[in-house]
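S.K.:
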Amino acid sequence: MRQSLIGNVKTVVAITGASGIIYGIRLLEELEGEKALIITETAKRILEAETSYSVSDVESLADAVYHEDELFAPVASGSYRFQAMVICPCSESTLAKVSQGIADNLVTRAAAVCLKERRKLIIVPRETPLSAIMLRNSLRLTEDGACILPASPGFYPKPQSVKELVDFLVGKILDQLDQPHELFRRWGD
Ligand SMILES: Cc1cc2nc3c(=O)[nH]c(=O)nc-3n(C[C@H](O)[C@H](O)[C@H](O)COP(=O)(O)O)c2cc1C
């Protein structure tokens, strides 16, 4: 755990155990402002399986790092005034828990805080195909104010690399956070 910063976190980024960990890494690289990172144990294993980054490489991109078990961390409380949370990628397991109000680790608790405090919660699921359970959970979260932003990049900017596809998705997340960026060419530009 690294806690170099207490009190100024603007955005909580959670990386959970779904494929597409690179989306969360690129988000951490591009996101402005103080950020706290929670990376689940399953996500750490998938990170090693599908990227060349180490866990410490990823943790070094954040201002504060918490373990998923740290339910006494500041971001577990609504009285700690972070502005937004992005779960990227979000496993369907974590999505299901958040949709049902289960707050059993720091990821699901911080997400529950976002919903109850009416803060921005952006959830980036990566699964296909989707069961009716998954679709119902996503609908419930949308109705409760979260933004479901599936990890499905657009192809209209004619991407030439995986990085461009990843950057398109990260740009869509930054749009939701009102952060200006030039990560992809917009339709009409
Ligand atoms: C290699 C691997 C890839 C996985 N990919 C996905 C995925 O893309 N989407 C998903 O919803 N679950 C995926 N899972 C399953 C989740 O990791 C599993 O449900 C886990 O309990 C999620 O825990 P977490 O959300 O606390 O990280 C994957 C598991 C493994 C081992």
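Numbering (our numbering), first residue to last: 75 to 263. For glycine and all other residues, C-beta sits at the position ideal for the given N, C-alpha and C. What you are looking at is a predicted structure, and each value in this text was computed from that prediction instead of being measured.
Measuring only from the beta carbon, is THR114 closer than 7 Å to any heavy atom that is part of ligand 1?
M.R.: Yes - ligand 1 has a heavy atom lying nearer than 7 Å to the Cβ of THR114.
S.K.: Nearest by alpha-carbon distance to SER173: which of HIS255, ILE207, LYS84 is it?
M.R.: Out of HIS255, ILE207, LYS84, ILE207 has the C-alpha closest to the C-alpha of SER173.
S.K.: Between which two residues does the alpha helix (DSSP H) harbouring LEU248 extend?
M.R.: It spans 236-250 - the alpha helix (DSSP H) in which LEU248 sits, taken as one unbroken run.
S.K.: Less than 7 Å between C-beta atoms, sequence neighbours within five positions excluded: which residues of the same chain meet that for ILE176?
M.R.: Around ILE176: THR182.
S.K.: By DSSP's criteria, LYS232 is part of a beta bridge. Which residues make up the other side?
M.R.: According to DSSP, which records beta bridges pairwise, LYS232 is partnered with nothing at all.
S.K.: Candidates PRO227, LYS237, ILE96: which alpha carbon is nearest PRO163's?
M.R.: The residue with the shortest Cα to Cα distance from PRO163 is ILE96.
S.K.: Do you know how far the Cα of ARG214 is from the Cα of ALA158?
M.R.: C-alpha separation (whole angstroms): 19 Å.
S.K.: Using beta-carbon positions only, say whether VAL187 and ILE247 come within less than 8 Å of one another.
M.R.: No; because the gap between Cβ atoms is not below 8 Å, this pair is not in contact.
S.K.: Can you tell me the Cβ-Cβ gap for PRO231 and LEU243, rounded? I've got them flagged as a contact below 8 Å.
M.R.: So it is not a contact: roughly 12 Å between Cβ atoms.
S.K.: Is it true that the CB of ALA220 sits closer than 8 Å to the CB of GLY94?
M.R.: No, these two residues do not count as a Cβ contact at 8 Å.
S.K.: Looking at ILE197 and ligand 1, is the gap between the Cβ and the nearest heavy atom below 7 Å?
M.R.: Incorrect: ILE197 has no Cβ contact closer than 7 Å to ligand 1.
S.K.: Where does PRO148 fall in DSSP's three states?
M.R.: Of the three classes helix, strand and coil, the one that applies to PRO148 here is helix, per DSSP.
S.K.: Count the CB pairs spanning the segment 107-114 and the segment 134-142 that are closer than 8 Å, and state whether there are at least three.
M.R.: Result yes; three or more Cβ-Cβ pairs closer than 8 Å.
S.K.: For GLU165, is the classification buried or exposed, using 16 other Cβ atoms within 10 angstroms of its Cβ as the cut-off for buried?
M.R.: The amino acid at residue 165 is misidentified as Glu; the sequence shows Ser. Classification for SER165: buried.
S.K.: Does the distance between the C-beta of SER167 and the nearest non-hydrogen atom of ligand 1 fall short of 7 Å?
M.R.: For ligand 1, at least one heavy atom lies less than 7 Å from the Cβ of SER167.
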